[in-house]
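First up is the structure itself, then whatever we jot down about it.
Residue numbers (my numbering): 1025 to 1196.
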């Protein structure tokens, strides 16, 4: 076959034979690439499936760990926070009062949760005293809880034998 000359550009082309060769080479190259990539695609799908299962399992475990962490400080009788959190916490009378309002509890209930007297909570809120030591730790830890958690804690506190209050003795 003689090359034909393109009159406008002065180039020579082979015509249909060149197009057929290009198409065949492209088809064979695609076939080889597909054959090489197919196992990789299967592996990728399998890895994605495994990854999604691991992500779901991890989120379930994190959720369970968070629930356990919320219960753990209360197993000892009063909520506790880490030393760093307690050191960094600034507890003003307004902060304590707002915490109590946010949790929807009374001074007596906050006192029961922190294992102090209701008078101590009143003094904290009026600025006559500041929570220190384990009492401050308990108040800082209560910041992490929500209303539901606090209600659950109060229910467990009520079920546990509490401190006897001073007052009139029956029959006296």
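Positions of the beta carbon are idealized from the N, C-alpha and C atoms, including for glycine.
Relative to residue 1179, the option among 1158, 1137 and 1040 whose CA is nearest is 1137. Just so you know, the alpha carbons of residue 1134 and residue 1067 end up roughly 56 Å apart.
Each residue's CA atom was taken as its position, placing residue 1109 and residue 1161 some 8 Å apart. When C-alpha distances from residue 1151 are compared across 1118, 1074, 1124 and 1165, the shortest belongs to 1118.
Rounded to the nearest whole angstrom, the C-alpha separation of residue 1041 and residue 1056 is 23 Å. A straight-line Cα-Cα distance of about 15 Å links residue 1039 and residue 1048. Contact annotation, residue 1174 with residue 1129: C-beta distance approximately 6 Å; criterion of less than 8 Å satisfied. In terms of CA proximity to residue 1146, 1121 leads the group 1127, 1111, 1121 and 1071. Going by beta carbons, residue 1167 and residue 1127 fall outside the 7 Å limit. Sixteen is the threshold: when 16 or more other Cβ atoms of the shown chains lie within 10 Å of the Cβ of residue 1177, as they do, the residue is buried.
In the three-state scheme derived from DSSP, where H, G and I count as helix and E and B as strand, residue 1104 is classed as coil. Short of 7 Å from the beta carbon of residue 1107, and not among the five residues preceding or following it, lies no beta carbon of its own chain.
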